[in-house]
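Reading through the structure tokens given below for one structure.
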Amino acid sequence: MTLPSLRPIGRIFAILLLMAPSACGGLPGSAPTNFYILKTAVGLTADSGLSLAEGATVGIGPVQIPGYADRPQIVTFGSGAEINVSDFDHWAEPLSDAIKRVLTSNIATLIGAERVFAYPADFRPTKQSLQVAVNVIDITETGAGVARLTVRWHIKALYDNVVLARHAKTYESAATPGDYNSYANALSKLLGELSQDIAASLNGLNIS
Numbered sequence: 070m071t072l073p074s075l076r077p078i079g080r081i082f083a084i085l086l087l088m089a090p091s092a093c094g095g096l097p098g099s100a101p102t103n104f105y106i107l108k109t110a111v112g113l114t115a116d117s118g119l120s121l122a123e124g125a126t127v128g129i130g131p132v133q134i135p136g137y138a139d140r141p142q143i144v145t146f147g148s149g150a151e152i153n154v155s156d157f158d159h160w161a162e163p164l165s166d167a168i169k170r171v172l173t174s175n176i177a178t179l180i181g182a183e184r185v186f187a188y189p190a191d192f193r194p195t196k197q198s199l200q201v202a203v204n205v206i207d208i209t210e211t212g213a214g215v216a217r218l219t220v221r222w223h224i225k226a227l228y229d230n231v232v233l234a235r236h237a238k239t240y241e242s243a244a245t246p247g248d249y250n251s252y253a254n255a256l257s258k259l260l261g262e263l264s265q266d267i268a269a270s271l272n273g274l275n276i277s
């Protein structure tokens, strides 16, 4: 190809433009990003042993997560104080939203869909309205192949703004190190266990 008559700087720029497609064609392709979700628990059924106050409704949320986990990338623990942030393995939705979605669905299955909603919500609380606020202290997979969920939750009477109960627990399940699908499935299982404990902690609360 014959370049048109250009000043030196313009000619160099034109040569670079001609070379760009071939140069880019030689770059290796980047690795694809994998996305994972947390799933509602399988096998949960309504718990007939629970006794909630007549007309009680339950709002699930907000859910707070630690800052290190509040990002699209999946974070796991390394050795000592090290964490591993995976550039190519992401949560498909914000992690706090995913946890609230799963807890709301699981608890609705346990105590009745008509009683449970995600909080905050646009409604006027009544004397029978409860809120379950969840604070996740740790959520990770350890280098030893253990999915760990450490959580605190409290139950509040929304109308009177009074805390009725506080709870804390650590949940663990086996997960294959480096396998993010295994980790997501293990966390889903742990959230199922947490959902059952939250439902049980609502049992018999006096909100009159």
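Here the sequence shown stands for residues 70 to 277, where the numbers follow this note's numbering. Where a beta carbon is used, it is the ideal one built from N, C-alpha and C, also for glycine. Quick caveat, the model's predicted, so the values are computed rather than measured.
C-beta contact flag for residue i and residue j at 7 Å
i	j	result
Ala226	Leu233	yes
Ile143	Tyr249	yes
Asn275	Leu119	no
Ala125	Gln197	yes
Lys258	Ser270	no
Tyr252	Ala202	no
Gly128	Phe186	yes
Leu256	Leu107	yes
Beta-carbon proximity list for residue i, same chain, < 6 Å, skipping 5 on both sides
i	result
Thr145	Asn153, Thr209, Glu210
Pro246	Gly214
Ala237	Arg221
Ala110	Asn175, Gly261
Arg235	His223
Gly130	Lys169, Ala187, Tyr188
Pro135	none
Identity of the residues DSSP links to residue i by a beta bridge
i	result
Gln133	Asn204
Ile276	According to DSSP, which records beta bridges pairwise, Ile276 is partnered with nothing at all.
Val144	Val154
Ala182	Answer by DSSP bridge pairing: none, since Ala182 is not bridged.
Val127	Val185, Leu199
Thr245	According to DSSP, Thr245 bridges with nothing at all.
Leu218	Ile208, Tyr240
Asn103	Asp158
For residue i, the three-state DSSP class (helix, strand or coil)
i	result
Leu263	helix
Leu271	coil
Val171	helix
Lys108	coil
Tyr228	coil
Leu113	coil
Ala190	coil
Leu256	helix
Ala177	helix
Leu233	strand
Interface flag, residue i vs chain B, CB-CB below 7 Å
i	result
Lys258	This model lacks chain B altogether; it includes just one protein chain.
Neighbourhood of residue i by C-beta, 7 Å cutoff - its chain only, sequence neighbours within 5 removed
i	result
Tyr240	Leu218, Leu259, Glu262, Leu263
Val231	Lys225
Thr102	Phe157, His159
Cut-off 8 Å between Cβ atoms - residues of its own chain near residue i, not counting five sequence neighbours on either side
i	result
Ala100	Phe157
Ala138	Val144, Leu164, Val205, Ile208, Thr209
Gly147	Asn153, Gly212
Glu123	Gln197
The region 192-200 touching the region 172-179, judged by at least three CB pairs closer than 8 Å: no
Segment contact flag, the region 156-169 with the region 111-118, C-beta cutoff 8 Å, min 3 pairs: no
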